[in-house]
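Novice: To start, I am sharing the structure in question, which I have written as structure tokens.
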Amino acid sequence: MKAKTIRLTASYLVLIIFCVIAVYPILQVVTISLRPADRLLSTSLEIIPENASLSAYVQLFTERPFLRWMINSLLVSLVVTVTGVSLASTAGYAFSRFSFAGKKAGLLSLLTTQMFPATMLMLPLYILLIKLGLINTYIGVIIIYSATALPFTIWTMKGYYDTIPYSLEEAARIDGCNQFHAFYRIILPLAAPALVITALFSFMTAWAEYVVAAQILQDSDLWTLPLGLKSFESNMTTEWGLYGAASLMVAVPVIALFLALSRYLVSGLTLGSVKG
Amino acid sequence: MRNRTFRQILVLAFFLVPACSRHEDPNRVVIWHQMRVDERVILERQLSEYMSMHPGIRVEQLYKETEELRSGFIIASIAGQGPDLVYGPSDMIGPFKVMEIIRPLDTLFSREYLDLFIPEALTYHEGGLYQIADKLGNHLTLVYNKELVSTPPATDLELLELGEQLTVDINGDGKTDRYALAWNYTEPFFFIPFLTGFGGWVMDEDGAPTLDSGAMVEALRFIQDLRDRYRIVPGEADYNIADILFKDGKSAMIINGDWSWAGYQKAGIDIGVAPLPLMTATGLYCEPMVSPKGFSVNINVPEAKLELVLDVLRFLMEPERQLETARALKTMPTRVEAVSSSFVQNDEILRNSAIQISRGRPMPVVAELRAIWDAMRPGYQAVLGGSLTPQEAADAMQALALTKIREMNE
Amino acid sequence: MNATTSARTYHRLFIFFLIGPAFLILFAVVLYPFLYNIVVSFSNMSLRHIRDWSIVGPLQYVKVFTEESQPDFYVIFFKTIVWTVVNVLFHVVIGVFLALILNQKEIRGRWLFRTLLILPWAVPQYIVALTWRGMFNFEYGSINLLITQYLGLSAVEWLKSPTEAFIACIITNVWLGFPFMMIIALGALQSIPHELYEAAEIDGASWWHKLRHITLPMIRPVMIPAITLGTVWTFNNLNIVWLVSNAGEPSDNTHILVSFVYKAAFNLYRFGYAAALSMVIFVILLVFSLLFMRRTRATEAAA
Numbered sequence: 021m022k023a024k025t026i027r028l029t030a031s032y033l034v035l036i037i038f039c040v041i042a043v044y045p046i047l048q049v050v051t052i053s054l055r056p057a058d059r060l061l062s063t064s065l066e067i068i069p070e071n072a073s074l075s076a077y078v079q080l081f082t083e084r085p086f087l088r089w090m091i092n093s094l095l096v097s098l099v100v101t102v103t104g105v106s107l108a109s110t111a112g113y114a115f116s117r118f119s120f121a122g123k124k125a126g127l128l129s130l131l132t133t134q135m136f137p138a139t140m141l142m143l144p145l146y147i148l149l150i151k152l153g154l155i156n157t158y159i160g161v162i163i164i165y166s167a168t169a170l171p172f173t174i175w176t177m178k179g180y181y182d183t184i185p186y187s188l189e190e191a192a193r194i195d196g197c198n199q200f201h202a203f204y205r206i207i208l209p210l211a212a213p214a215l216v217i218t219a220l221f222s223f224m225t226a227w228a229e230y231v232v233a234a235q236i237l238q239d240s241d242l243w244t245l246p247l248g249l250k251s252f253e254s255n256m257t258t259e260w261g262l263y264g265a266a267s268l269m270v271a272v273p274v275i276a277l278f279l280a281l282s283r284y285l286v287s288g289l290t291l292g293s294v295k296g
Numbered sequence: 021m022r023n024r025t026f027r028q029i030l031v032l033a034f035f036l037v038p039a040c041s042r043h044e045d046p047n048r049v050v051i052w053h054q055m056r057v058d059e060r061v062i063l064e065r066q067l068s069e070y071m072s073m074h075p076g077i078r079v080e081q082l083y084k085e086t087e088e089l090r091s092g093f094i095i096a097s098i099a100g101q102g103p104d105l106v107y108g109p110s111d112m113i114g115p116f117k118v119m120e121i122i123r124p125l126d127t128l129f130s131r132e133y134l135d136l137f138i139p140e141a142l143t144y145h146e147g148g149l150y151q152i153a154d155k156l157g158n159h160l161t162l163v164y165n166k167e168l169v170s171t172p173p174a175t176d177l178e179l180l181e182l183g184e185q186l187t188v189d190i191n192g193d194g195k196t197d198r199y200a201l202a203w204n205y206t207e208p209f210f211f212i213p214f215l216t217g218f219g220g221w222v223m224d225e226d227g228a229p230t231l232d233s234g235a236m237v238e239a240l241r242f243i244q245d246l247r248d249r250y251r252i253v254p255g256e257a258d259y260n261i262a263d264i265l266f267k268d269g270k271s272a273m274i275i276n277g278d279w280s281w282a283g284y285q286k287a288g289i290d291i292g293v294a295p296l297p298l299m300t301a302t303g304l305y306c307e308p309m310v311s312p313k314g315f316s317v318n319i320n321v322p323e324a325k326l327e328l329v330l331d332v333l334r335f336l337m338e339p340e341r342q343l344e345t346a347r348a349l350k351t352m353p354t355r356v357e358a359v360s361s362s363f364v365q366n367d368e369i370l371r372n373s374a375i376q377i378s379r380g381r382p383m384p385v386v387a388e389l390r391a392i393w394d395a396m397r398p399g400y401q402a403v404l405g406g407s408l409t410p411q412e413a414a415d416a417m418q419a420l421a422l423t424k425i426r427e428m429n430e
Numbered sequence: 012m013n014a015t016t017s018a019r020t021y022h023r024l025f026i027f028f029l030i031g032p033a034f035l036i037l038f039a040v041v042l043y044p045f046l047y048n049i050v051v052s053f054s055n056m057s058l059r060h061i062r063d064w065s066i067v068g069p070l071q072y073v074k075v076f077t078e079e080s081q082p083d084f085y086v087i088f089f090k091t092i093v094w095t096v097v098n099v100l101f102h103v104v105i106g107v108f109l110a111l112i113l114n115q116k117e118i119r120g121r122w123l124f125r126t127l128l129i130l131p132w133a134v135p136q137y138i139v140a141l142t143w144r145g146m147f148n149f150e151y152g153s154i155n156l157l158i159t160q161y162l163g164l165s166a167v168e169w170l171k172s173p174t175e176a177f178i179a180c181i182i183t184n185v186w187l188g189f190p191f192m193m194i195i196a197l198g199a200l201q202s203i204p205h206e207l208y209e210a211a212e213i214d215g216a217s218w219w220h221k222l223r224h225i226t227l228p229m230i231r232p233v234m235i236p237a238i239t240l241g242t243v244w245t246f247n248n249l250n251i252v253w254l255v256s257n258a259g260e261p262s263d264n265t266h267i268l269v270s271f272v273y274k275a276a277f278n279l280y281r282f283g284y285a286a287a288l289s290m291v292i293f294v295i296l297l298v299f300s301l302l303f304m305r306r307t308r309a310t311e312a313a314a
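Chains A, B and C supply the protein sequences, listed in that same order. Position 270 of the first sequence, counting from 1, maps to 290 under the numbering used here, and the rest follow consecutively. Position 211 of the second sequence, counting from 1, maps to 231 under the numbering used here, and the rest follow consecutively. Position 223 of the third sequence, counting from 1, maps to 234 under the numbering used here, and the rest follow consecutively.
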């Protein structure tokens, strides 16, 4: 019992230390958003700055098309998330369960797509999208984001499926399920934690991406959040108050999504109870 | 359920395509620029004025950060697309001209029209006119806090004398609480006035770098002394640090550009703008780089649309539009009529700004300038970091500049 | 005979149905740009030859390895490896460690800890990276204040000396990257059946024993891909170094290999050279992944 108390106390201590480390720089961003006259830094260390004001937040929602950017970003990110989850969960399953010609090559080629420095892909990608008529469309960015997210998500799904015993599907097949049903009804729900990782990652890929969006979305009505935020910056005179406020607002949907999904990420009800 | 998801994506896709793909439209003019927010607001208002005068025409403006404007425009125009007009400082012209992605303007405007501008507004490069500017400047000046400084220093000796009074340790803890002067130590652009004050420059007439000059060594030594011997400038400062020191009243003066004035006024500081001082040893003024900012025309603009694009350009160049910006942001206009207006002639900040511009050197437009900046940065930072002497740094800069220019022109 | 053939065809179709769409999208996006770059890497495409470029053979590759550059190519290569290894190591160790702690059912308020711990991942990187740069400031930064006032050490010139500046970049990137590894590790931990631990406890296994023989092997299938890709991403992650060190300060001493690509392409317009260098980076990462994958046997299916 005593050992347990020590373990728990140590655990709390570690968690608190890491939370402080994680939160402190974010508090600085809060300070920036409250500070008047666009100061990125300050010579004082107060969290609530002198003459603090919420005007940046008001300005963000009333004078800038922030909500529009947010809606655009949500649209793009949710489509990428749905695409990512459906394509990765299926492809990952095939890679985990079946042997077929080109399987190893296929898995490795997934990785290779991530190895090329992205800056160099912009020119040819841009030419390609012009030919396909996808410049200035969400389809263009959605396809690229999905492709960016897939290698990691497929691998993660495959890795997680690997931990689920074959015996479960075999049992289902004996009970008369077909292959797809065995996957869809039995295995997929068990892989919920991996699906959550896949969803979060796909969402974030689209949510935070700037370079591709800047080259493709050349109409400010189509701007996603990272493009909008960038417009607060300009050579040497950035509107730091707005930038800070917007950065915190950008994090809100991410955290909401995480809270909504983390139930499945940590429930521990999935495999532990069925397996064995 | 899966099929339904796919169907939903498909439906969404069809919904999106017509909404956002726009084909080459002869009645739509697109401008890419790197204007800061307060400039952007004025541009936006002027463009809507144009559109209300010309129903059926759409003029759109899109902000891109300077570096990205450059790389984005290169990528788009090489691929045969891009905006109709691109707006930025004149040093974009060098590479754009070499890559043949902007078109010469001499033949498009009459001599009489071009004569309406001050000569600095027209950027010629390798025999052609490639940019027409609506603002002149982007130049550094000495900005001072009027509460702390009554008369700004006119010479380096006055600067040192004033510096000693202004640099103070208020609470006596051995740490300086206020410096006399601050500026961005990391970008060589902010170092140029010191270089010119000692009679140096970045390149000769043929575009070959001249970074190992005696003037370079002396200029580097001078700023080293300001910091380490006279201790009137902070030990470490990049743009943001220098900026907040001045905003927080912890630096009495700052070397900063015309873009920063409006922000300091907004922060509630009573600022004065003064020309940079004279170096007594050489009898030369510290001259910042001055560059026009203006429009160039994309090579891909179809002939049929050209007249409309030029019309938009002429509209934005009208003296009253330039003056609107000048009044709001204290920028220097480029139409003779606007420059000689009583507002520009009488406004205190603009008057001092004009003096500084007259004591400035035009920023070279050749592509090689990029290589020179890249070559100066490490040496300049090394002197301030204490790892190289001024002489070693000057030699290293020159060698690096030669290499980079060779690589660039291979 | 027909029955088995059709079963096999069905099986193949099923596999194709599972992986086809994903690969279709991937190849649509990646294949053309990749081939384009291979061609450009053998060409002289540059400022003076942007439209009239021609194939010049492996010249650009020779330059990558032999051209005198400042900072030196091989020094930067070494730094990139240090950068990658240290970052990924800390990401994984901190991430897994926190996930293990958070996975204890007895801890109260786990949702709150989890939420606070993912904040570095959720807030846009640009502004926090610059905030970190401010925190590393010699005179006004909070890190030096902490070091001098609470730890009694002397202040560090974080951004002025090459090594310290590099460490500052690494600290920032570790901070940015550990939450994501923590999320993955949390997910991976859910795949471990409780029975395994219960059985081990009956056998009187120590905490360390359980970690070593149950937890780590069981989370491996999910962690290996994350580590591999984390390595690849970190190797090419220009942003953080660029922002924290303000594009290579002091004196171009804080670059990683991919900054060369960026500088060559967009400062000096040497597109051919930049493409060749990109190919070199690609091959380095490919070789690493092949070796790592072979050692960990990650491409094989479940046992």
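The beta-carbon is built from N, C-alpha and C at its ideal position, and this holds for glycine as well. Note that the coordinates shown come from a computational prediction; the quantities given were computed from them, not determined experimentally.
1) Considering only the beta carbon of each residue, do residue 111 of chain A and residue 30 of chain C sit closer than 7 Å?
2) When we look at the beta-carbon of residue 322 of chain C and count the other beta-carbons within 10 Å, is it buried (16 or more) or exposed?
3) Does the Cβ of residue 65 of chain B have 16 or more other Cβ atoms within 10 Å, making it buried, or fewer, making it exposed?
4) Compute the beta-carbon to beta-carbon distance between residue 236 of chain C and residue 176 of chain A, rounded to the nearest angstrom, for a pair I have assumed lies under 8 Å.
5) Inspect the beta-carbon positions of residue 431 of chain B and residue 118 of chain B and report whether they are closer than 7 Å.
6) So if I threshold CB-CB distances at 9 Å, which residues from the region 83-100 of chain A count as touching chain B?
7) For residue 199 of chain B, does the three-state DSSP call read helix, strand or coil?
8) Out of curiosity, what's the CA-to-CA distance linking residue 327 of chain B and residue 349 of chain B?
9) Grab me the residues of residue 321 of chain B's own chain with a C-beta within less than 7 Å of its C-beta, minus the 5 sequence neighbours each way, in chain order.
10) How many angstroms separate the CA atom of residue 38 of chain C from the CA atom of residue 125 of chain A?
11) Measure the CB-CB distance between residue 252 of chain B and residue 262 of chain B and report whether it falls below 7 Å.
12) Using a Cβ-Cβ distance cut-off of 7 Å, determine whether residue 107 of chain B contacts chain A.
13) Quick check on residue 71 of chain C: does DSSP put it in helix, strand or coil?
14) For residue 160 of chain A, would you say it is in contact with chain C, using Cβ-to-Cβ distances shorter than 7 Å as the test?
15) Tell me, please, which residues DSSP counts as bridged to residue 156 of chain B.
16) Does the beta-carbon distance from residue 3 of chain C to residue 66 of chain C come in below 7 Å?
17) Going by the CB atoms, is the gap between residue 155 of chain B and residue 63 of chain A shorter than 7 Å?
18) Go to residue 77 of chain A, then tell me how far its alpha helix (DSSP H) extends in each direction, as first and last residue.
19) Using a Cβ cut-off of 7 Å (strictly closer), state whether residue 409 of chain B contacts chain C.
20) Using a Cβ cut-off of 7 Å, which residues of the region 242-264 of chain C contact any Cβ in chain B, in chain order?
21) On the DSSP bridge list, what partners appear for residue 298 of chain B?
22) What first and last residue would you give for the alpha helix (DSSP H) that runs through residue 140 of chain C?
23) Report the residues of the region 261-282 of chain B with a CB closer than 9 Å to any CB of chain A, ordered along the chain.
24) Does the beta-carbon of residue 43 of chain B have 16 or more other beta-carbons within 10 angstroms, so that it is buried, or is it exposed?
25) With a threshold of 6 Å on Cβ separation, who are the neighbours of residue 227 of chain B within its own chain once the five nearest residues in sequence on each side are excluded?
26) Just the C-alpha distance for residue 361 of chain B and residue 81 of chain A, rounded to the nearest angstrom, thanks.
27) Please name the residue in C/215, C/210, C/212 and C/198 whose C-alpha comes closest to that of residue 216 of chain A.
28) Of the choices B/131, B/128 and B/201, whose alpha-carbon is the least far from that of residue 250 of chain B?
29) For a quick check, are the C-beta atoms of residue 318 of chain B and residue 97 of chain B less than 7 Å apart?
30) Chain B beta carbons: is any one of them nearer than 7 Å to that of residue 65 of chain C?
31) Going by beta carbon distance, what residues of the same chain come within less than 6 Å of residue 109 of chain C, once the five residues before and after it are set aside?
32) Quick one: what's got a C-beta closer than 6 Å to residue 80 of chain B's C-beta in the same chain, skipping five residues either side?
33) Do residue 61 of chain A and residue 260 of chain B have their beta-carbon atoms positioned less than 7 Å apart in this structure?
34) The beta strand (DSSP E) with residue 105 of chain B in it runs from where to where?
35) Check the Cβ of residue 160 of chain C against every Cβ in chain B and list those closer than 8 Å, keeping chain order.
36) Please go through the same chain and pick out, in chain order, the residues whose beta-carbon is closer than 7 Å to the beta-carbon of residue 232 of chain A, but skip the five residues on each side of it.
Specialist: Concretely, from the data shown:
1) yes
2) This structure gives no information on residue 322 of chain C, because the portion of chain C shown stretches from 12 to 314.
3) exposed
4) 6 Å
5) This structure gives no information on residue 431 of chain B, because the portion of chain B shown stretches from 21 to 430.
6) 95 and 99
7) strand
8) 30 Å
9) 104 and 329
10) 14 Å
11) no
12) no
13) helix
14) no
15) B/312 and B/352
16) Since the displayed chain C opens at 12 and closes at 314, residue 3 of chain C lies outside it and no answer follows.
17) no
18) 75-82
19) no
20) 257, 260, 261, 262 and 263
21) B/175 and B/305
22) 136-146
23) 261, 263, 264, 265, 267, 268, 270, 276, 277, 279, 280 and 282
24) Unreliable positioning characterises residue 43 of chain B in this predicted model, as indicated by a pLDDT of 43, which lies under 50. The coordinate reading is nonetheless provided below. Label assigned to residue 43 of chain B: exposed.
25) 386 and 388
26) 39 Å
27) C/198
28) B/201
29) yes
30) no
31) 193
32) 50
33) yes
34) 105-109
35) Going along chain B, no residue has its Cβ under 8 Å from residue 160 of chain C, so there is no contact; the nearest lies around 13 Å.
36) 161 and 164
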